[in-house]
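Working notes, structure below.
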Amino acid sequence: MTSSLLEGLNPQQLEAVTLPDVSALILAGAGSGKTRVLTTRIAWLIQTGHASPGGLLAVTFTNKAAREMLTRISAMLPINTRGMWVGTFHGLCNRMLRAHHRDAALPQGFQILDSQDQLSLVKRVMRGLGIDEERYPARQAQWFINGAKDAGRRASHVDTPDDFSRRLRDVYEAYDRQCQQEGVVDFAELLLRAHELLTRNEVLQEHYRTRFRHMLVDEFQDTNRLQYSWLKLLAGRDNAVFAVGDDDQSVYRFRGAEPGNMRHFERDFAGGRVIRLEQNYRSHGNILDAANALISHNRGRLGKNLRTSEGSGEPLRVYEAPTDLDEARFIVDEIRALRAEGVRSDAMAVLYRSNAQSRVLEHALFNAGLAYRVYGGLRFFERQEIKHALAYLRLVANPEDDGALLRVVNVPARGIGARSVESLQETAQTRGISLWQAACAHAPSGKAGASVATFIRLIEGLRASVAGLPLAETVQAVVDASGLKDFYQSEKEGADRIENLDELVNAAAAFNAEEVYDPNAPGGGVTDPADPTAALNAFLAHAALEAGEHQAGVGEDALQLMTVHAAKGLEFHAVFVSGLEEGLFPHENSATEDEGLEEERRLMYVALTRARRRLYLTFAQSRMLHGQTRYNVASRFLGEIPAALLKRVNAPVVRGFAGGAFGIPARVSAPAAEPMGGNGWRVGQGVTHPKFGQGVIVAAEGRGADARVQVNFRDAGMKWLALEYARLTPA
DNA sequence: TACCTCCACGTTTTT
DNA sequence: CGTGGAGGTA
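All residue numbers for the first sequence refer to our numbering, where the first residue is 92 and numbers rise by one.
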C-alpha cells in the first residue's frame, strides 16, 4: 500500500512524491533518485486516486527512459501500463497525430523522416529550386529548418534580416510543401504539427486538457521552446505539471535546449514550488566535493549542492601523460589492475569529449586484449540495408513517398539509372505529382520505360500479396521480393547485411507481439484496426522514432567507452575522464563565449558525477589530432577542483608552473618539445608578448611568412599569432 | 555503372 | 590521420 510505496524516501523525495495537485519544479541533482521520485509520484497519484492511469501524461526525451519508467511503474502497481501516455515528446505527438490525422491535415499513413531522410529531402528540394549548394550547404538549411520549427515558427514567420536567410526561408517553405505532398513529417514537425493541432482545434485542446490533469516531465532542462510551449498548452490553467530536471546537467543547448525554461517554469507554473533533491546516493564525498566546487564557477544557477552520507573515499587521481598514447596506456594498465581487484569491466567507463578520441583508446584496448564497447555510431534502423528494406515497406504503405522511391528504385540495379530518374522528376515537377504517379502515367519510352513498369509491378504486386498478412510476414515478403538479399549476396560486406535483414523480420515479429495488437499502445490502437496497413505504419513509425541500440550488445562484460554526453544518466564504479586539455575539454569552439564555456563546465560536472567510487582525470601534453600533433595545456577545469581532493599518480618532470597547479602542464624535455622549422621558436617555449604578457607556445603551423604559433597566455588565454607580425620575445 | 581517386573536413546528438 | 562525399574515368 501507500506505506510500502513511500518507504525509504528521504524527506525531500517524500515531499515531492506526495505533493498535492499543483505544479512543481523538482531540482534533482545527479544521483539523487530522480527516476525513483518520478515513478513513485506516478504510482502514488494512481494509488491514492489523484489520477487514473489514463488521466496522466509522462514525457521523456529517450525511449529508454520511457521504457524504464513503465517498467518501474508496473513493478510498483498491479496495473496494465499499456494505455498510459508515457513516452517521448515525439512518440506522444505521433500518437496524437495518428489519432487525429484528418484534423492535422495528414494522410492516415503519414511516414516519419529521420535526420538522414530529412537531409536528402532538403537536398532534393534545393536542387529543385536551383540553389547553389556551395553557398548554401544542405546541412545548414536543415539546421535552419529544424531550428525554426523548434522555436515554433513556420516559414512565413521566420526572421529574414538578409538575403541569405531569405533564401533559406524559401527552402524551408518549399521543403514543407514537399513534405505535405509526400505525406511525410520530420521529427520537429511531429511536435509543431501537434502543437498547431491543439492550438487551432479547441475541442481537442479541451479534450486533452480535461484528460491530463497531471503531466510529468523528465529531464526538463533539455526542453526546447516548442516543447515548453506544448506543455504549457496542454497544461492550461488548471493542470499540474511535475517537472524534474537539473540545470547543472543541461548539455544540449547546442541543439535547441533552453535551460532558461527552468526559470520560466518557476514563474509560469510552479508559483515558487521548488523542491531540491540534494542527497546523492551514488558517489563518495570527494567526488561530490569536486563536482560542487567545479560547478560553482557557473553563474545564474538555480542553486544546489550535492551531499552524501557516505565517507569521503579516495582522492581523485590525476594523471598527466606525455602523449595521448601514453594516456591510453595508463588507462589500460589501471583497468587491468582494477580487474585484478575484482572490478567488472562493465562497471568502468572511459569518457571523452569527442568521438575522435576513442580511436587511440580502442587501439590500446584491442592490443591489450581487453573487451570494450563503444557507444555511438550506426544504429540498427539507420543501417543502409535496413533503410532500403524500410523504403520498400514505405512505398507499399504510401506510394507518394518520393524519398522512399528514390532510395530503392534502382537498388538492386534494375536499369533505372540517373537519366530515367531525372526524367521522372521532371514530369513530377511540371505536373505537380508524385514520382510514383509520374512513373505510372508517364513512364519513359523504350527500355527504360519497361524497367520502370517492372518496378511498379513489383511494388503493386507486393502491396497486393501482403494485404492481410501479419506484420512479420509482410516484412519477410518485402525482403524476399525486393531482391535485396540477392543484391547483398554478391557484396563483400553482404553477410552481415543479410543477417540484419533477417533481424529486421525478427524485429517485426517482436513488435507484432508487443504493440500492435494492444488497442491502447502508441501507434497501435489509435490507428484504424480495419486499415490493412495499420500494423505496418505503426512499425515504420517505430523504426523512425526508435532507431534501436547503438551496437549489438555483444560484449557481456566489456569496458564502456563513450562521450560525456552519452554517459549522462549512467553511473560506474570507476570512471576515467580523458583528454582534459584546453581546446578539447573545454572544446575550443565553445570556449569563446561564456554560455559555451558554462555548458562545457556542466558537461564536466556530468562527467565527474558519473563515478561512484573511483575517478581518474587524465590529460596529455601532446596529442595527435587531425593529422598533426597538438600541444595542449591542462584543462582549466582541473584548476577549478580543490587541490586537496586531487592526487597526482605520476611524477612528471616539472619545469615550470604558471597560473596555478594546472595552469601549464609539466613538460618533459623530449620528445614533446620539438624545434620548429628553424625559425628559432619551439613548442613548449616560454614567450612574452607586449600586449598579452607571459605565455607558452603550445602549437605551431605553417612556415615562412605563414608561420603561426598558438600561445597559451597566463592572463589572456589561448591565442594564435602570426610570427611575422607578433612581437614575441623569449621569456 | 562501378570503382577509384582526390579533396575537404574534422564537438557534442535524440527523436 | 581517417573518413565520407563528390566527381571523374574505365
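Beta carbons are placed, not taken as given, at the ideal position from N, Cα and C, and that holds for glycine.
CA nearest to the CA of residue i, picked from the options
| i | options | result |
| --- | --- | --- |
| H355 | E684, L116, F804 and L694 | L116 |
| L708 | L737, V543 and E689 | L737 |
| L63 | H388, L497 and A381 | As displayed, the chain neither begins before 92 nor continues past 822, which places residue 63 out of reach and without an answer. |
| N352 | M653, G687, L118 and R268 | L118 |
| L486 | R257, Y299 and G552 | G552 |
| A90 | R364, L675 and A598 | The shown model of the chain, from 92 to 822, leaves out residue 90, and the question about it has no answer. |
| R470 | L289, A156, A634 and A735 | A634 |
| G394 | G124, R435 and Q340 | Q340 |
| P350 | R390, Q207 and I426 | R390 |
| G786 | R522, F804 and Q776 | F804 |
| W176 | L168, E293, V150 and T162 | V150 |
| E564 | A600, L729, G777 and E476 | A600 |
| N723 | E672, P228 and T683 | E672 |
| A539 | A658, E513 and R522 | E513 |
| A40 | Y263, E293 and Q272 | In this structure the chain extends from 92 to 822, so residue 40 is not present and cannot be described. |
| S56 | G404, F676, A134 and A419 | The requested residue 56 does not occur in the structure, where the chain is confined to residues 92 to 822. |
| T162 | N489, T126, G219 and L281 | T126 |
C-alpha gap between residue i and residue j, whole angstroms
| i | j | result |
| --- | --- | --- |
| A757 | S726 | Residue placement at A757 is poorly supported in this model, since its pLDDT is 38, which falls under 50; the coordinates are not used for a value here. |
| H248 | D241 | 13 Å |
| P252 | G687 | 25 Å |
| L307 | Q104 | 15 Å |
| A121 | G200 | 41 Å |
| M439 | A331 | 40 Å |
| S211 | M187 | 27 Å |
| F180 | A541 | 45 Å |
| A195 | E98 | 45 Å |
| N741 | N315 | 44 Å |
| C184 | L147 | 15 Å |
| W811 | H388 | 26 Å |
| N101 | A702 | 22 Å |
| G221 | G718 | 36 Å |
| R260 | Q231 | 12 Å |
| G327 | R300 | 7 Å |
| Q567 | C270 | 28 Å |
| Q202 | Y483 | 13 Å |
| T414 | A711 | 5 Å |
| Y319 | A431 | 49 Å |
| D208 | L592 | 19 Å |
| A361 | Y816 | 57 Å |
| P503 | D577 | 8 Å |
Buried versus exposed, by CB contacts within 10 Å (16 or more), residue i
| i | result |
| --- | --- |
| D112 | exposed |
| S400 | exposed |
| S581 | exposed |
| H375 | buried |
| K583 | exposed |
| K155 | exposed |
| L819 | buried |
| K782 | exposed |
| V802 | buried |
| N383 | buried |
| A480 | buried |
| A427 | Residue identity check: residue 427 is Arg in the sequence provided, not Ala. Under this definition R427 is an exposed residue. |
Cβ-Cβ distance between residue i and residue j below 8 Å
| i | j | result |
| --- | --- | --- |
| A459 | L562 | no |
| L456 | L650 | yes |
| R532 | L515 | The question names Arg, but residue 532 is Ala in the sequence shown. No. Outside cutoff. |
| S573 | V543 | no |
| V655 | L442 | yes |
| L283 | L317 | yes |
| S123 | Q370 | yes |
| D571 | S525 | no |
| L699 | I422 | no |
Segment limits, alpha helix (DSSP H) that includes residue i
| i | result |
| --- | --- |
| E690 | D685 to L699 |
| M439 | Premise fails: M439 lies in the beta strand (DSSP E), M439 to Y443, not in any alpha helix (DSSP H). |
| E511 | In the sequence on display, residue 511 carries Ser and not Glu. A509 to R522 is the extent of the alpha helix (DSSP H) around S511. |
| H375 | Segment: none, H375 is in no alpha helix (DSSP H) and carries neither H nor E. |
| A232 | A229 to D241 |
| V566 | L562 to S573 |
| R485 | Q475 to A488 |
The beta strand (DSSP E) enclosing residue i, as first and last residue numbers
| i | result |
| --- | --- |
| E411 | L407 to T414 |
| Y722 | Q719 to Y722 |
| W176 | W176 to T179 |
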